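Undergrad: Once you've had a glance at the structure underneath, I'll fire off some questions.
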Amino acid sequence: MNKIFELPLYPYARHADQDAATPARRRVVVIGAGPVGLAAAIDLGMQGIEVVVIDDNDKVSFGSRAICFAKRTLEIADRLGLGAPLVEKGVQWNVGKVFFDTRKVYEFNLLPEDGHRRPAFINLQQYYIEDHLVARLRALEAEGAPVSIRGGSRVSAIEDHADHVALTVSTPEGPYVLEADWVIACDGANSPTRQAMGLDFVGRVFEDNFLIADVIMDAEFPTERWFWFDPPFNRGQSALLHKQPDGVWRIDLQLGWDIDKDHEKKPENVIPRLKAMLGDDVDFSLEWVSIYTFQCRRMEKFRHNRVIFAGDSAHQVSPFGARGANSGLQDVDNLCWKLALVIKGAAPDSLLDSYDAERIHGADENILNSSRSTDFITPKSEISRVFRDAVLDLSEHHAFARPLVNSGRLSMPCRYDTSGLNGVDALPGGPDRTRPGAPCPDAPVGNGFLLDHLRQGFTLLGLNTDVADVNAGGIAARALPLRASGALVQRYLGGAESAVYLIRPDQHVAARWAAFDATAVRAALRRATGQA
Amino acid sequence: MDLILTPNLQKADDAYAALLAAHDGLTKAQSDALNARLILILINHIGDPQVLTQALEAAKPRA
Numbered sequence: 017m018n019k020i021f022e023l024p025l026y027p028y029a030r031h032a033d034q035d036a037a038t039p040a041r042r043r044v045v046v047i048g049a050g051p052v053g054l055a056a057a058i059d060l061g062m063q064g065i066e067v068v069v070i071d072d073n074d075k076v077s078f079g080s081r082a083i084c085f086a087k088r089t090l091e092i093a094d095r096l097g098l099g100a101p102l103v104e105k106g107v108q109w110n111v112g113k114v115f116f117d118t119r120k121v122y123e124f125n126l127l128p129e130d131g132h133r134r135p136a137f138i139n140l141q142q143y144y145i146e147d148h149l150v151a152r153l154r155a156l157e158a159e160g161a162p163v164s165i166r167g168g169s170r171v172s173a174i175e176d177h178a179d180h181v182a183l184t185v186s187t188p189e190g191p192y193v194l195e196a197d198w199v200i201a202c203d204g205a206n207s208p209t210r211q212a213m214g215l216d217f218v219g220r221v222f223e224d225n226f227l228i229a230d231v232i233m234d235a236e237f238p239t240e241r242w243f244w245f246d247p248p249f250n251r252g253q254s255a256l257l258h259k260q261p262d263g264v265w266r267i268d269l270q271l272g273w274d275i276d277k278d279h280e281k282k283p284e285n286v287i288p289r290l291k292a293m294l295g296d297d298v299d300f301s302l303e304w305v306s307i308y309t310f311q312c313r314r315m316e317k318f319r320h321n322r323v324i325f326a327g328d329s330a331h332q333v334s335p336f337g338a339r340g341a342n343s344g345l346q347d348v349d350n351l352c353w354k355l356a357l358v359i360k361g362a363a364p365d366s367l368l369d370s371y372d373a374e375r376i377h378g379a380d381e382n383i384l385n386s387s388r389s390t391d392f393i394t395p396k397s398e399i400s401r402v403f404r405d406a407v408l409d410l411s412e413h414h415a416f417a418r419p420l421v422n423s424g425r426l427s428m429p430c431r432y433d434t435s436g437l438n439g440v441d442a443l444p445g446g447p448d449r450t451r452p453g454a455p456c457p458d459a460p461v462g463n464g465f466l467l468d469h470l471r472q473g474f475t476l477l478g479l480n481t482d483v484a485d486v487n488a489g490g491i492a493a494r495a496l497p498l499r500a501s502g503a504l505v506q507r508y509l510g511g512a513e514s515a516v517y518l519i520r521p522d523q524h525v526a527a528r529w530a531a532f533d534a535t536a537v538r539a540a541l542r543r544a545t546g547q548a
Numbered sequence: 015m016d017l018i019l020t021p022n023l024q025k026a027d028d029a030y031a032a033l034l035a036a037h038d039g040l041t042k043a044q045s046d047a048l049n050a051r052l053i054l055i056l057i058n059h060i061g062d063p064q065v066l067t068q069a070l071e072a073a074k075p076r077a
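Same order as they appear, the protein sequences are chains A and B.
Sequence positions in the first sequence follow the working numbering and run 17 to 548.
Sequence positions in the second sequence follow the working numbering and run 15 to 77.
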């Protein structure tokens, strides 16, 4: 058993706030020390905002849980200062194979585009992500950033007082009241915060169960994603095999709806299923077994005055497509620069409503994609199974059917096409992929990469043209003049000779022009920060 | 482009007979699978989403 599960990383310790005569007031309280909550604390802490993370546990998550992390997540991790160790530890993969019955019917290659610092995907157990996030948060704390984490502490009541939020925090030594200007609830799909506030969480329940097992084995399987529809070892159901670091393999076996979960989870019932899949001669040991069901749903609104929901607490998807943790980190990326500007008084608090608009758009896209994958993997009627099997049959012989095979549409970063923060698209001939609202694609620049230069505040990228710093109401856009060549031309200029891009702190394009005009940039900067 | 709902087959009886012949000797399950494959092949051939929408509408059971 991996010792990382057992090590208390942030054990409960009494804090002076527990003995305060009147409740202490903190700028931001983050509820939940999962990947989303920890990333939020790091992002705000790096911007000098005081953050207290509260979690009822004191360890990383048990079992692999989220394992596929997309390029966009790694780019966000780079911005937060921990991309490199994640990529170094993670397993990179590009090839996926799809089997139907006993035949391989289809194979895909993610064919990563050249000129990006980060790969399309890595596989890494959630507990490693959390471990690295805690280490990063501790390092920031040691450098003097106003971030801290309180383990063994559970928020047991929450009261909105319009200009602040009062939290009752239960500890092994009794409860205390802690006030916060802002609360970010990152306490997962069953969010106690959401329940305590009586907020809705509606959507579709999928009547299915999946056995997930982390198996340690020395096996010959290649570093590929293998997905089976209706295999002999799991008739009428699906199966997934995916490699993780440390010789750990993730196996997902669909079990169907009407099962006895406790019975199926027992090793004496799990092991024969795995032997049927892997063969009798493969030696393996079980690290972790769980059975999950899922829903596709979201809250109607993610922002409730001073309590803001992020990650699974706000939206839940099926696991097909790796859209859970990846979208939670996009929530953080979207929220934290806005919240920091509001807290610093540089932007009106209505800027936070754009978090709602943009990330609800993202959640809806993820729910749509993951629901469709689930409908393909688990046909809901006789006729949908007939069509599903017909697609799989045809895909073996005819290329046209392969795009219809849906074993998960892998997470891509969201484009905020209709966002009210977007300014003009005034770059005739500019590439579609870098239109306002789009996340900036990486590109080589000098000995490094473009995204290395987009890690602090707003950037005004000038390609083959002069640009100067622009200020709007105390918010600056820093000039970044570059000579464009190679991928930069292809991804940012297209048919244009020169370009000026206003880029948000979360590396999404706010507006673009063919030439620099300070007045136009100032207007776009005001718009992108909710000042107009 | 619009869905063609006027006669468009050179030899209507031959086309109909070929469709039935394709199902000769098949079980109900095999026939259902063949129909599904045929529909998928044809919708890919059509390609145009507007024509597909019109076809789905035209094929709906009438109240």
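Virtual Cβ for every residue (Gly too), placed ideally from N, Cα, C.
Please read all numbers here as calculations on a predicted model, not as lab measurements.
(1) Give me the residue from A/76, A/506, A/521 with the minimum Cα distance to residue 468 of chain A.
(2) Closest by CA to residue 91 of chain A, which one among A/537, A/401, A/428, A/228?
(3) Within the stretch 244-283 of chain A, note down every full alpha helix (DSSP H) run reaching 4 residues or more, in order along the chain.
(4) Run down chain B in chain order and give the residues with a C-beta less than 8 Å from the C-beta of residue 405 of chain A.
(5) Output needed for residue 170 of chain A: all residues of its chain with C-beta closer than 6 Å, excluding positions within five of it in sequence on either side, in chain order.
(6) In this structure, what does DSSP give as the bridge partners for residue 497 of chain A?
(7) Are the stretch 367-381 of chain A and the stretch 240-249 of chain A touching, with three or more C-beta to C-beta distances below 8 Å?
(8) Can you name, in chain order, every residue of its own chain whose Cβ lies under 6 Å from the Cβ of residue 41 of chain A, other than the five neighbours on each side?
(9) Going by DSSP, which residues form a beta bridge with residue 184 of chain A?
(10) Exposed or buried, which one is residue 349 of chain A when buried takes at least 16 other CB atoms within 10 Å?
(11) Figure out for me which residue from A/529, A/389, A/378 has the closest Cα to the Cα of residue 442 of chain A.
(12) CB-CB under 6 Å to residue 173 of chain A, same chain, minus the five flanking residues each way: which ones, in chain order?
(13) Return the chain-ordered list of same chain residues with a C-beta closer than 7 Å to the C-beta of residue 495 of chain A, the five sequence neighbours on each side being excluded.
(14) Measuring CB to CB, does residue 567 of chain A end up less than 9 Å from residue 397 of chain A?
(15) For residue 18 of chain B, does the three-state DSSP call read helix, strand or coil?
(16) Please determine whether the Cβ atom of residue 357 of chain A lies at a distance below 8 Å from any heavy atom of the ligand MG.
(17) Hey, quick one: how far does the alpha helix (DSSP H) through residue 230 of chain A stretch, first residue to last?
(18) Restricting to Cα atoms, I'd like to know which of A/489, A/519, A/444 is closest to residue 548 of chain A.
(19) Roughly how many whole angstroms lie between the Cα atoms of residue 32 of chain B and residue 38 of chain B?
(20) What's the gap between the Cα of residue 175 of chain A and the Cα of residue 32 of chain A?
(21) Do residue 605 of chain A and residue 430 of chain A have their CB atoms nearer than 9 Å?
(22) Let me know the alpha helix (DSSP H) ranges lying completely inside the stretch 344-393 of chain A, each 4 residues or longer, listed in chain order.
(23) Using a C-beta to C-beta distance shorter than 9 Å, which residues of chain B count as neighbours of residue 416 of chain A?
(24) Which first and last residues belong to the alpha helix (DSSP H) in which residue 53 of chain B is found?
(25) Taking its Cβ as the centre, do 16 or more other Cβ atoms sit within 10 Å of residue 414 of chain A, making it buried, or is it exposed?
(26) Give the interface partners of residue 410 of chain A over in chain B, defined as CB-CB distance under 8 Å, in chain order.
(27) Using the three-state DSSP reduction, which class does residue 332 of chain A fall into: helix, strand or coil?
(28) Exposed or buried, residue 62 of chain A, counting other C-beta atoms within 10 Å across all chains shown (16 or more means buried)?
(29) What does residue 402 of chain A reach in chain B if we use C-beta pairs closer than 9 Å?
(30) By DSSP, does residue 26 of chain A sit in helix, in strand, or in coil?
(31) Can you look up residue 146 of chain A in the DSSP assignment and give me helix, strand or coil?
(32) Strictly under 9 Å for the Cβ-Cβ distance: is residue 399 of chain A near chain B by that measure?
(33) Which value, in whole angstroms, describes the spacing of the CA atoms of residue 180 of chain A and residue 66 of chain A?
(34) The beta strand (DSSP E) spanning residue 311 of chain A covers which residue range?
(35) Leaving aside the five residues before and after residue 47 of chain A along the sequence, list all residues of the same chain whose C-beta is less than 6 Å from its C-beta, in chain order.
(36) Using 8 Å as the cut-off, can you tell me whether the stretch 230-244 of chain A makes contact with the stretch 110-118 of chain A, which would need three or more C-beta pairs spanning the two stretches below that distance?
TA: Per the coordinate set shown:
(1) A/521
(2) A/428
(3) 277-281
(4) 47, 50
(5) Residues of the same chain with a CB within less than 6 Å of the CB of residue 170 of chain A, apart from the 5 flanking positions on each side, are 72, 186 in chain order.
(6) A/478
(7) no
(8) Excluding its 5 nearest sequence neighbours in each direction, residue 41 of chain A has C-beta neighbours in its own chain below 6 Å: 195, listed in chain order.
(9) A/173, A/193
(10) buried
(11) Checked all of A/529, A/389, A/378; the closest Cα to residue 442 of chain A is A/529.
(12) 184
(13) 476, 478, 483, 484, 485
(14) This structure gives no information on residue 567 of chain A, because the portion of chain A shown stretches from 17 to 548.
(15) coil
(16) This structure lacks the ligand MG, and indeed carries no ligand of any kind.
(17) Segment 218-233 is the beta strand (DSSP E) holding residue 230 of chain A; no alpha helix (DSSP H) there.
(18) A/489
(19) 10 Å
(20) 22 Å
(21) Examination of residue 605 of chain A is not possible in this model, given that chain A is present from 17 through 548 alone.
(22) For the alpha helix (DSSP H) assignment, the uninterrupted runs of no fewer than 4 residues enclosed by the stretch 344-393 of chain A are, from N- to C-terminal side, 369-393.
(23) Identification of chain B residues near residue 416 of chain A by a Cβ-Cβ cut-off of 9 Å yields 54, 55, 58, 59, ordered along the chain.
(24) Looking at the DSSP string, the run of the alpha helix (DSSP H) that includes residue 53 of chain B is 42-60.
(25) It is exposed - the Cβ of residue 414 of chain A has fewer than 16 other Cβ atoms within 10 Å.
(26) 51, 54, 55
(27) strand
(28) Around the beta carbon of residue 62 of chain A, a 10 Å sphere encloses 16 or more other beta carbons of the protein chains shown; the residue is thus reported as buried.
(29) 43, 46, 47, 49, 50
(30) coil
(31) helix
(32) Interface residue, yes.
(33) Here the C-alpha atom of residue 180 of chain A lies approximately 15 Å from the C-alpha atom of residue 66 of chain A.
(34) 300-314
(35) 70, 171, 201, 203, 209.
(36) yes
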